[in-house]
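J.: One structure coming up, written as structure tokens, with questions to follow.
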């Protein structure tokens, strides 16, 4: 994997880069649609290519480990072969889902034991087996196993947790270095900065992570309920320490405004379930603001959902028709809304990239943040 | 609307034709995906074009009348404008749904009164207002209001019902002739042959219908539970009477085998919810037979769902991945299965058309019927 920076913005820390992986290039900043079970909810891969213009998707280790299970994915020859997506993929470490989804989870030095949310079966994730699992899944970028602290979190817990995450990181790196990819192409490991909302913990963690000298770095434990200002403050502190020449991934973020603000702070990669989850609830992100498509006011608005959308499907579908589908409980409503939201997110990062290259990102960002978050 | 027949098969009554409507040409024989509420369930219009290769879709008058309602569709400028599908459309008369879905329905000479299955509100469909409603929806082909008798049905009821359907047809034709299209393009009205499974009633009805000299003719009241042999027998009797030079539409039929058999009897147009409904239950129609994708045996079968599919999405998706999605309850499973089934149905009628033109339809049909109905 290599990362080259094509341009730095003049008035912010924003950068436009190119990330090369074994499955192709990614133009950064980039948003990664979440493919929970190996597929993005309500959007198939042809649509991801044609309508959304996705460049990389994220798979959830926790979900894939439970279903279809590692035996099936290994037999398939990895997730790329299993799901048919031959572009770049990233997998998370499963930690976040263990903490948020699994039943009766217990975190010890060894790892995290938990019961499956599907059938109650017992499992243990350790830094070592999570590396092995991600070797089997075979994503281009894999993530270290960490503990994601909740918000709010007291300082002592945050510090203890961060220190364990650092010890886990060392174990991840060792296991990663002692194993080979199964499918003949390169995988890279990204470590994760933790430290909750405490400046000094974040600095300490960023320094520890940076010192590992891996090919990219991630920031976790944000967008878990803290005010946006705290998220930005932590991101700024950490970006000041993580090396400039390597890609920076802010996990689980966020709204269009969050993304634009964090690009300005030097983030290159994002993922979030928000565009797809909100789509299924009838909330649309458009290039001119936010729409609750269930609202009566769209009943006879026959204009395009978003005439500036990069998706032909979105441009050619009217608000009234989408409202009718969502209102009638049709799956098709969730499908079109999901394509709308994801294509808007991908449009957003592509526009951001253009502005960075043109050198006027900061000004554009300030205008866009206001526009995109207004309710239409 | 015009209909020209390009070829007759040598050893059957099958015909290959071209049906020209105000929204484009349709190559017959054709299958029409059902767009219940104005959209085909789980398949959006870009997919219908790119993957399914649909040429015409069907809308349900009953559903559209209740939701979004005629005020919205009229304001939009008709269903084509409302849903964005600018290819041919056909609407049914709503009768079938009144009988199968609505609560407390009552059929009188005047029409059918019923309560909405959504909110219990009271409504009355008459031959006259069903013409008015279909004028507002604005499909290229609209259907007469009829009574679809159940199976089994005693002779006396079938005869009385057929006679009323004939009187209703005369009222439909009068109302149709006394009204103009709202949107500046031609609509045509198809009458419907009834008569349950009684030879002489079917003959009588076909003669009455043929005598109306409309631009196309339909056969209703079949595929309602009778054995396939009875369906074929009735279709054969009716096709012997309906004029050769006009398109014949067999409503609500059926399995791939039903379609091939009825093409051989002289049918040009079909619709059925089976491909989409069964898809949502994990039953796949493929070019080599039927697959229950929920079955454990597909768990690690990484071959294409159907390598001969005309859909790129289907060709590039493995059985194991689709099985995983369906098994995990992902909407994406129903979506891909729906594209599979519809693209298979459209492939089937396109292949049938080729064989008719080549003159060897009957032989091919006999082989295919066996192949397509086998369980893999």
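Residue numbers (our numbering), protein chains in the order written: chain H, 58 to 433; chain P, 58 to 433.
We put the beta carbon where it would ideally sit given N, CA and C, even for glycine.
Over the uninterrupted beta strand (DSSP E) stretch that includes residue 180 of chain H, give me the two end residues.
T.: Residue 180 of chain H -> beta strand (DSSP E) spans 179-182.
J.: For residue 284 of chain H, count neighbouring Cβ atoms within 10 angstroms of its own Cβ and tell me buried if that reaches 16, exposed if not.
T.: Burial call: exposed.
J.: Measuring alpha carbon to alpha carbon, tell me which of H:298, H:287, H:242 ends up nearest residue 269 of chain H.
T.: Ranking H:298, H:287, H:242 by Cα distance to residue 269 of chain H puts H:298 first.
J.: Quick check: residue 152 of chain H and residue 205 of chain H, are their CB atoms within less than 7 Å of each other?
T.: Closer than 7 Å, so yes.
J.: The beta strand (DSSP E) with residue 327 of chain P in it runs from where to where?
T.: Residues 326-328.
J.: Measuring only between beta-carbons, confirm whether residue 388 of chain H sits less than 7 Å from chain P.
T.: Output row for residue 388 of chain H: interface = yes.
J.: Can you tell which of P:398, P:425, P:253 has the C-alpha that lies nearest to the C-alpha of residue 207 of chain P?
T.: Considering only alpha carbons, the answer is P:253.
J.: For residue 333 of chain H, would you say it is in contact with chain P, using Cβ-to-Cβ distances shorter than 7 Å as the test?
T.: Closer than 7 Å: no.
J.: Per DSSP, which residues does residue 84 of chain P bridge with? Please list them.
T.: DSSP output for residue 84 of chain P lists P:75 as bridge partner(s).
J.: Take residue 379 of chain P and list the residues in its own chain whose beta-carbon comes closer than 7 Å to its own, dropping the five residues that flank it on each side.
T.: The answer, listed in chain order, is 350, 362, 390, 393, 394.
J.: In its own chain, which residues sit with a C-beta less than 8 Å from the C-beta of residue 131 of chain P, not counting the 5 before and 5 after it?
T.: So the list reads 193, 239, once near-sequence residues are dropped.
J.: For residue 70 of chain H, collect the residues of the same chain with a Cβ closer than 7 Å to its Cβ; drop the 5 residues on either side in sequence, then sort them by chain order.
T.: 296, 321, 322, 323.
J.: Among all the DSSP beta bridges, which residues are the ones paired with residue 247 of chain H?
T.: DSSP, once it has assigned bridges, lists H:200 as partnering residue 247 of chain H.
J.: Can you list, in chain order, the residues of the region 385-419 of chain H whose Cβ is nearer than 7 Å to any Cβ on chain P?
T.: Flagged, chain order: 385, 387, 388, 389, 391, 392, 393.
J.: Using a Cβ-Cβ cutoff of less than 6 Å, which residues in the same chain neighbour residue 218 of chain P once the five nearest sequence positions on both sides are dropped?
T.: Closer than 6 Å at the Cβ level, and outside the excluded window around residue 218 of chain P, lie 204, 206.
J.: Does DSSP classify residue 122 of chain P as helix, strand or coil?
T.: Note: residue 122 of chain P maps to helix in three-state DSSP.
J.: With 7 Å set as the bound, which would you pick, yes or no: does the beta-carbon of residue 374 of chain P sit closer than that to a beta-carbon of chain H?
T.: Cβ-Cβ to chain H under 7 Å: yes for residue 374 of chain P.
J.: Are the C-beta atoms of residue 101 of chain H and some chain P residue less than 7 Å apart?
T.: With 7 Å as the cut-off, residue 101 of chain H counts as an interface residue toward chain P.
J.: Could you tell me which chain H residues have their CB closer than 9 Å to the CB of residue 94 of chain P, listed as they occur along the chain?
T.: Chain H residues near residue 94 of chain P: 381, 382, 385, 387, 389.
J.: Which residue wins for smallest C-alpha separation from residue 241 of chain H, given the options H:259, H:197, H:406, H:280?
T.: Residue H:197 is the option with its Cα nearest to residue 241 of chain H.
J.: Which residues of chain H have a Cβ atom closer than 9 Å to the Cβ of residue 357 of chain P, listed in chain order?
T.: Residues of chain H passing the Cβ test: 125, 128, 129, 132, 133.
J.: Between which two residues does the beta strand (DSSP E) containing residue 430 of chain H stretch?
T.: Where residue 430 of chain H is concerned, there is no enclosing beta strand (DSSP E), given that its DSSP letter is neither H nor E.
J.: Can you list, in chain order, the stretches of the alpha helix (DSSP H) that have 4 or more residues and sit fully within the region 201-267 of chain H?
T.: With a minimum length of 4 residues, the continuous alpha helix (DSSP H) runs that stay inside the region 201-267 of chain H are 212-234.
J.: Using the DSSP secondary-structure output, state which residues sit across from residue 91 of chain P in a beta bridge.
T.: BP columns for residue 91 of chain P point to P:115.
J.: Which residues in chain H have a C-beta closer than 7 Å to the C-beta of residue 140 of chain P? List them in chain order.
T.: Those are 378, listed as they occur along chain H.
J.: For residue 39 of chain H, does the count of other Cβ atoms within 10 angstroms reach 16, so buried, or fall short, so exposed?
T.: The structure shown does not extend to residue 39 of chain H, since chain H is modelled only from 58 through 433, so no value can be given for it.
J.: Could you tell me which whole beta strand (DSSP E) segments of length 3 or greater appear in the region 126-151 of chain H?
T.: Runs of the beta strand (DSSP E) inside the region 126-151 of chain H: 146-148.
J.: Do you know how far the Cα of residue 421 of chain H is from the Cα of residue 1 of chain H?
T.: This structure cannot settle anything about residue 1 of chain H, because the visible part of chain H is limited to 58 through 433.
J.: Starting from residue 411 of chain H, follow the alpha helix (DSSP H) in both directions and report where the run begins and ends.
T.: Run containing residue 411 of chain H: 388-415, per the alpha helix (DSSP H) assignment.
J.: Apply the 10 Å Cβ neighbour rule to residue 175 of chain P and answer buried if 16 or more other Cβ atoms are within range, or exposed otherwise.
T.: The residue is exposed, with fewer than 16 neighbouring Cβ atoms inside 10 Å.
J.: List, in chain order, every chain H residue whose beta-carbon is nearer than 7 Å to that of residue 115 of chain P.
T.: Simply none; closest approach about 15 Å.
J.: Name the DSSP bridge partner or partners of residue 343 of chain P?
T.: Answer is P:346, bridged to residue 343 of chain P.
J.: Let me see if you follow: with CB-CB separation under 7 Å, is residue 322 of chain H close to chain P or not?
T.: Chain P contact via Cβ: absent.
J.: Can you say whether residue 178 of chain H is buried or exposed, counting buried as having 16 or more other CB atoms within 10 angstroms of its CB?
T.: With fewer than 16 Cβ atoms within 10 Å of its Cβ, residue 178 of chain H is classed as exposed.
J.: In the DSSP assignment, the beta strand (DSSP E) including residue 314 of chain H goes from what residue to what residue?
T.: Residue 314 of chain H -> not in any beta strand (DSSP E); alpha helix (DSSP H) instead, spanning 313-321.
J.: For chain H, check one thing: does any of its Cβ atoms lie closer than 7 Å to the Cβ of residue 370 of chain P?
T.: Yes, because at least one Cβ of chain H sits closer than 7 Å to the Cβ of residue 370 of chain P.
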